[in-house]
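Okay, so the sequence shown: first residue is 451 according to my numbering, each after it adds one. Ideal Cβ placement from N, Cα and C applies to all residues, glycine included. What follows is a short report on a single structure.
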Amino acid sequence: MNKKIYMAAFLLMSVSCSKQEKNPLLEDFNTPHATPPFEQIQTKDYLPAFDQAIAAAQQEIQSLANSSDEPDFENTIVALDAAGEKLNTISAIFFNLNSAHTNAEMQKIAQEVSPKLTEFGNSIYMNPQLFKRVKYVYDKREQLSLLPEQSTLLDKTWKSFVNGGANLEGDAKERFKEISIELSKLSLQFEENVLAETNDFELHLTAEEDLSGLPEGVREAAALSAKENGKTGWVFTLHAPSYGPFMKYADNRELREKMYRAYNSRGNRDNAHNNSEIIRQITALRLEKAKIMGYETFADYVLTNRMAESPAEVNDFLAQLLQASHPFALQEKKEVEDFARSLGFKEELQRWDWSYYSNKLKQEKYALDDEMLKPYFKLENVQKGIFDLAHTLYGLQFKEVNNIPKYHPDVKTFEVYDRDNSFLAVLYVDFFPRPSKSGGAWMTEYQTQHIRNGEDIRPQVSLVMNFTRPTENKPSLLSFDEVTTFLHEFGHSLHGMLSQNTYNATAGTSVYRDFVELPSQIMENWALEKEWLDTWAVHYQTGEKIPTEYIEKIRRAANFQSGYLSDRQLSFGIIDMDWHSITQPLKDSIVDFERKAMQPTEIFPAVEGTCFSTAFGHIFGGGYAAGYYSYKWAEVLDADAFSAFQENGIFDPVTAESFRKNILEKGGSEHPMTLYVRFRGHKPTIDALLKRSGLK
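Structure below.
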């Protein structure tokens, strides 16, 4: 069914709300493009809305299951995909805001609602009458003359039921239900703990000498943070725009160590937010779930529906890349060590020294530093450059509007139109960090593109990021990494906004996990192209174009420490696979398990008290379990795909149109390799990635 956070269905409500206070979540949205009426929604509205929508959905599902009509593709498979509109909408609003703008009350509701929604999903997949109808259609698939998208929907529906426990019986079925509910609670608690740990720490400085090395803009942001919290001096936090620059520029090594230990011990401290036991429980429950389904490991269970079809294939892929990158990483570490020694550094190089001395080495080798580039990367200019790139490639037009409700004053709203002026999508953009927002950057949707009763329902897409805030004296000036992050997430949004599919379950980003990063990662390539940077990157004060020499420096430095960066990304994929390849519940130390798994990628000594896994939200709070390798997998795809643009011109309309028609518009309507080969003409190899990264 629908790719939204929870499988659901919703019956048009026959119970009138006239005798009680109206709940805006249960009403038709009388807003532009039927967008969520955020300004009307109160936290107290969520729980009754969920309860009523779930109850109505249960009636609809049961009605479908009890139908006396002979099952066919339309009345069973399509009906399931179309079901759940209102409940899915409520879920999308609530859980998106629980990440982007949460509070203690919402977190409490999430813990109460998630098990209910999981139980409802179980009731769909484990409904024997409904599964019988799905199986009837699936068994006749060869006789149905289905179109490719229809075949994909049927196959996806069948697998959803099978993987959801439809074939289970008796105690196994009941235990599967219990595990699903418990996992939903644990994943939420994991994320809440990470957010609490991030917000609970601050480095409050009052002595100006402690700011040595920090650029003016970083100091101003810290001063503003202190002022907003009613303090004098400067406040640094574990949010990326504060933590990253501090580690890169602060001369005070003791303070860098303090920040490093705070950031990398999140979820691993002896307090109420410790995630160690939660990891132990999550991995044990996932393993038990996989074994109930007949698989040896959770990774085996997950990878049945990926481009990489087995743990062996993933592990071979990671090992192949590690073999190529690790020797470079070791050389790069030695280069940084030697450079630090030349500056008088006499200690053993530690992890909290890496960013600091790497940045100085980068300046030495390339005369390049983020602070040189930031004046040319004013946020508003970056946004215009990215929007204009989408116009050049795909004909898109972005119109900022103020009549679409917002969930926070920071949010910007846009209507997106195609080259023929037809409406395509609503786009929300939320740029800056705040205590109510999780860290990182992501794209999500409040509504997925699909066809309903012959009408093309256009998507409502949201980009959520944590970029450098403007200060009292400067606008928001982005680092180069933030520019590439914007491009990355915008690529995801294109995948959603350009979708041209019939069904919820095949539209937009409803694709294999190891394919979903291709549209995002390919966009990052334009950040290195002079032809694009020349169209928008100007000094925020003088209007002067970014100097050609700066662009050349960016390009020359593109592979700076590419071995180390590859190793780092591979280490995340490796620990993910190890956590989900256990065959018995882990009884040993979480930290010891992690260190053993990541040892092949390590170039630094271990730091007591730190643990990466306890804040690894992608796999323990999000949907990347046994799937984090997909970032490297997609790098292979995007390096090969972008070479087509390089061969034909980075703005080539024919290449862009082919990428739009064969990748962006198609969503998950066909197997991703079929779509990729249709665009590129051949299957990808790792050669293009190794060449681009300078690892070959």
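Item                                                                                                                                                                                          : Value
Quick one: what's got a C-beta closer than 8 Å to glutamate 562's C-beta in the same chain, skipping five residues either side?                                                               : Leu497
Rounding to the nearest angstrom, what Cα-Cα distance links leucine 661 and glutamate 678 in this structure?                                                                                  : 19 Å
Please determine if the region 1048-1065 and the region 747-758 are in contact, where contact requires at least 3 C-beta pairs separated by less than 8 Å.                                    : no
Please report the distance separating the alpha-carbon of histidine 551 from that of serine 926.                                                                                              : 21 Å
Note down the Cα distance separating glutamate 932 from glutamate 922, rounded to an integer number of angstroms.                                                                             : 21 Å
By the 10 Å Cβ neighbour count, where 16 or more other Cβ atoms means buried, how is lysine 1046 classified, buried or exposed?                                                               : exposed
Looking at glycine 1117 and arginine 711, is the spacing between their C-beta atoms short of 9 Å?                                                                                             : no
With lysine 866 as the anchor, note down where its beta strand (DSSP E) starts and where it stops.                                                                                            : Rather than lysine, the amino acid found at residue 866 in this sequence is valine. Taken as a continuous stretch (DSSP letters only), the beta strand (DSSP E) holding valine 866 covers 862-867.
Leaving aside the five residues before and after glutamate 1120 along the sequence, list all residues of the same chain whose C-beta is less than 8 Å from its C-beta, in chain order.        : Pro598, Glu599 and Thr602
Quick one: what's tryptophan 986 bridged to in DSSP?                                                                                                                                          : Note: tryptophan 986 sits in no beta bridge, so no partner.
To the nearest angstrom, report how far apart histidine 900 and isoleucine 511 are at their CA atoms.                                                                                         : 20 Å
Can you give me the Cβ contacts of aspartate 519 inside the same chain, cut-off strictly under 7 Å, excluding the 5 residues immediately before and after it?                                 : Asn525
On the premise that alanine 616 lies in contact with phenylalanine 581, defined as a C-beta separation below 8 Å, what is that separation, rounded to the nearest angstrom?                   : 4 Å
Would you be able to state if there are at least three C-beta pairs under 8 Å between the region 969-977 and the region 1088-1108?                                                            : yes
Give every residue of the same chain whose Cβ lies closer than 7 Å to the Cβ of leucine 829, excluding the five residues on either side of it in the sequence, and list them in chain order.  : Phe881, Phe917, Pro925, Ser926 and Leu928
Which residue comes first and which comes last in the beta strand (DSSP E) that contains histidine 938?                                                                                       : Run containing histidine 938: none in the beta strand (DSSP E); it sits in the alpha helix (DSSP H), 930-947.
Tell me the rounded alpha-carbon separation between serine 1031 and alanine 1075.                                                                                                             : 11 Å
Which same chain residues end up closer than 7 Å to alanine 1008 when comparing Cβ atoms and leaving out the 5 residues on each side of it in sequence?                                       : Leu978
Assuming serine 1063 and glutamate 1044 are in contact, meaning their beta carbons sit under 8 Å apart, how far apart are those beta carbons, in whole angstroms?                             : 5 Å
What does DSSP give as the partner residues of lysine 910 in its beta bridges?                                                                                                                : Note that residue 910 corresponds to glutamine in the displayed sequence, not to lysine. For glutamine 910, which the question treats as bridged, DSSP gives the partners Val876 and Gln897.
If I measure Cβ to Cβ from aspartate 860 and keep anything under 8 Å in the same chain, skipping five residues before and after, which residues do I get?                                     : Asp880, Phe881, Phe882 and Arg884
Under 8 Å Cβ to Cβ from arginine 706, same chain only, skipping five residues before and after it: list those, please.                                                                        : Phe696, Met697, Ala700, Trp802, Asp803 and Tyr806
Give a yes or no on whether the C-beta atoms belonging to tyrosine 1078 and phenylalanine 1022 are separated by under 9 Å.                                                                    : yes
My guess is that glutamine 1019 and tyrosine 1081 are in contact by the Cβ rule of under 8 Å, so how many angstroms apart are they, rounded?                                                  : 6 Å
With distances taken Cα to Cα, identify the nearest neighbour of tyrosine 878 among Tyr867, Tyr896 and Gly890.                                                                                : Tyr896
Should phenylalanine 864 be labelled buried (16 or more other beta-carbon atoms within 10 Å of its own) or exposed?                                                                           : buried
Would you report the Cα separation of glutamate 967 and glycine 1072, rounded to the nearest angstrom?                                                                                        : 15 Å
Please work out which residues of its chain come closer than 8 Å, Cβ to Cβ, to arginine 625, disregarding the five sequence neighbours upstream and downstream, and give them in chain order. : Glu738 and Ile742
Only counting the same chain, and skipping five residues up and downstream in sequence, which positions put a Cβ closer than 7 Å to that of glutamate 797?                                    : none
Look at the alpha carbon of lysine 454 and the alpha carbon of alanine 542, and state the distance between them as a whole number of angstroms.                                               : Confidence in lysine 454 is poor, its pLDDT being 35 and thus under 50, which makes the residue's placement too unreliable to answer from.
What does the alpha-carbon distance come out to for the pair isoleucine 728 and leucine 638?                                                                                                  : 10 Å
Can you give me the C-alpha to C-alpha distance between valine 1041 and phenylalanine 778, rounded to a whole angstrom?                                                                       : 27 Å
So what does DSSP say about valine 1057, is it helix, strand or coil?                                                                                                                         : coil
If you draw a straight line from the alpha carbon of glycine 620 to that of leucine 674, how long is it in whole angstroms?                                                                   : 60 Å
Can we say the region 498-509 touches the region 474-487, given the rule of at least three CB pairs closer than 8 Å?                                                                          : yes
What number of angstroms, rounded off, separates the C-alpha of threonine 682 from the C-alpha of alanine 484?                                                                                : 45 Å
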